[in-house]
Amino acid sequence: MADFDPMKFFALWMFTHDQADDLMIQSVARGKAVAGEGMSGGPDAFTDGFMAMVAEEKARLKDQIASGHADDVADPGDEKLEEVRFEVAELRGRLDQMQTTLDVIAAHLTAKGA
Amino acid sequence: MSVRSGSITRALLGAAARGVVRSRFGLVSTATRRAVFATEWRRAFEQLGGAFIKLGQMVSVRPDEFGDELAGEMERLRDQVAPVPFSQLRTVIEESLGAPVESLYASIDETPLASASVAQVHAAVLAAPYRPVWGEELPSGAEVVVKVIRPGAADALRGDIVEARRLGSSPLMRLILKGVDVGSLLDEFANSVERELDLRVEGRVADRFAFDFRPDPKIVVPRIVWTRTAPRVLTMERMYGWRLSELGEAELAGVDAHGLAVHGATAFMRQVMLYGRYHADLHPSNLFVTPDNRIAYLDFGIVGRLTDAERGDIAQVLAGFVYRDADRALRYSANLGVIVPPDRVDTVRRELGELLDRTMGGGSTDFRHFGFGFLGLLRRNGIAIPGGYGLLVKSLATVEGVARRLYPDIDIMEVARPFVTRMIGDSIGRPEKLQQRIPAVWRAAMRELLA
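Residue numbers (the numbering used here), protein chains in the order written: chain A, 349 to 462; chain B, 660 to 1110.
Below, the structure is given as structure tokens:
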């Protein structure tokens, strides 16, 4: 086997990236046309549509980084806390309603006893 | 035979007889015959009222079982009946809440806002503040509506269901409804009626919707007053605005019709694909457009529920529709119970591809035609359609219709496309999904490289 040739290795690496980059750019371009009448439909149409949205996300990410707000993401803990808050509030609603039912029963019993 | 039983038999036989005559004893085209019979059934159901109104509403959300002509016709069913005097409702309210109406509310309007076969709605004013399950406190003096089950409605509905079961098992009705599993359908119907007769169920669904849509300032759900609620009484915040069914050009001029149509359609997709709970009885009377440009949901009588796996599969099926990818749509429909027999796969795939190109291509889409065409295609090929699947297709078609009332040129698939793409994209990042898919990705990549 020939000696390892770093130049050739990086050239192949760069070539592969160039090819992938070109394919991605083409896919994004096709995906952007999806909204128009040009969409051919079929399995590749979804991939192209997806890549167009990835490109939009990349643009948003670049803007966020440029504006210094890259860390502004929702904390999953907040979501969990909200869920628990709702469960407690729902329980309170049920208790309110049950108290009403109890009051009705108590009123009936009082009326009967009177 | 009871009086009611006689009325039901006469009304249904009369509808069948008129249908036969109007369709010239079957000499007209199949489409005309179906349309004629659908109109006659709808009129008979309207005339019978009670459970038949509810049964018609259930038929209207099941085009998979009854065909789109009958389902479409039943959408026009009007659930409006003469109101009962308030004195009768006063008894129901006082029995349910255990106090005189005057001490429960600061005031109540004895003229109803609406009167339907099961319940009647009256405007009222809260006497004391109430902290709802979600949202800001309703202050003392807040305007509310009180929905009350009409006296005798529960017994009448249950009696009608018994009659419907008796009629459904008769040889004549079995012949008319051939292919329909009347027994299980009536079981499902009886369950849904029982849920509807307990207004607390509707209140809990409203609370959950309010929570689900909490980050969305454009969607508003009435707050429930649980201290003034019981199985037969539901007190909730009053909404002001225009029902979609009464929205004229003047009202539309004052709101962002396009924005609301897009937002309403997206909100429905969020219900289905994010929350797994969706309003399955959307029609123009169940939605309000508020003067401050918001959409208010009303009446949570029929709610569809989905598991996590179903939500993912539905997103994939919808992606198959919007990207006209018949294989994707059929592959994931199978997970939802739409099983295409091996000998029909090629035919169904070809017919679905043609239908997608016809209704969803060329720059403008028509989901209603596509959805009902797809259900018809499955039926023609002898493929059983699960109830939930049919309900979902119907609901999406309804959302399209509702959105078009707001903005006639809206393309519902244009709204769905980025939504489902993102949904599926988001799901790729889940570790379990990666673990499941990476071996196949690796094998496919190596096969291509080494081919």
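Idealized CB from N, CA, C, for every residue including glycine.
- The three-state reading of DSSP puts Phe-927/B in helix, counting H, G and I together.
- For the segment 745-758 of chain B, the set of positions with a beta-carbon nearer than 8 Å to some beta-carbon of chain A reads Glu-754, Ser-755, Leu-756, Gly-757 and Ala-758 in chain order.
- In the DSSP secondary-structure assignment, Gly-963/B is bridged to Tyr-937/B.
- Around Gly-397/A, the beta-carbon contacts reaching into chain B at under 7 Å are Tyr-982, Arg-1076 and Thr-1080.
- For Gly-960/B against Asp-940/B, the beta-carbon gap comes to about 5 Å, under 8 Å, which counts as contact.
- Residue burial annotation: Gln-779/B is buried, with at least 16 other C-beta atoms found within 10 angstroms of its C-beta.
- For Tyr-991/B, the uninterrupted alpha helix (DSSP H) segment begins and ends at 985-994.
- For Val-860/B, no Cβ of chain A is located within less than 8 Å of the residue's own Cβ.
- In this structure the segment 763-777 of chain B does not touch the segment 869-878 of chain B; the number of beta carbon pairs closer than 8 Å is below three.
- Counting along the chain, Leu-736/B sits inside no beta strand (DSSP E), nor does DSSP assign it H or E at all.
- With respect to the 8 Å criterion, Arg-983/B and Gly-390/A are classified as neighbours on the basis of their beta carbons.
- Taking 7 Å as the cut-off between beta carbons, the residues of the segment 960-994 of chain B near chain A are Ala-978, Tyr-982, Arg-983, Asp-984, Asp-986 and Arg-987, in sequence order.
- Within chain A, the residues placing a beta-carbon under 8 Å from that of Leu-1015/B are Gly-389, ordered along the chain.
- Residue environment: Val-1061/B is assigned as buried (16 or more neighbouring CB atoms within 10 Å of its CB, all protein chains considered).
- Contacts with chain A at 8 Å (Cβ-Cβ) do not include Val-803/B.
- At a cut-off of 8 Å between C-beta atoms, Gly-811/B does not count as an interface residue with respect to chain A.
- Around Val-452/A, the beta-carbon contacts reaching into chain B at under 9 Å are Glu-754, Ser-755, Leu-756, Gly-757, Ala-758 and Ala-889.
- For Glu-405/A, the enclosing alpha helix (DSSP H) starts and ends at 391-415.
- At a cut-off of 8 Å between beta carbons, Arg-378/A makes no contact with chain B.
- When secondary structure is reduced to three states using DSSP, Phe-872/B falls in the coil class, being assigned neither helix nor strand.
- Listed along the chain, the chain B residues whose CB falls inside 7 Å of the CB of Asp-444/A are Trp-885 and Thr-886.
- Minimum Cα-Cα distance from Val-1007/B among the listed residues Gly-1020/B, Arg-990/B and Met-1019/B corresponds to Arg-990/B.
- When C-alpha distances from Asp-1068/B are compared across Leu-1108/B, Gly-918/B and Leu-995/B, the shortest belongs to Gly-918/B.
- If you ignore the 5 residues before and after His-417/A, its C-beta comes within less than 7 Å of no other C-beta in its own chain.
- Contacts with chain A (Cβ-Cβ distance below 9 Å) from the segment 783-796 of chain B involve Tyr-789, Arg-790, Pro-791, Val-792 and Trp-793, listed in chain order.
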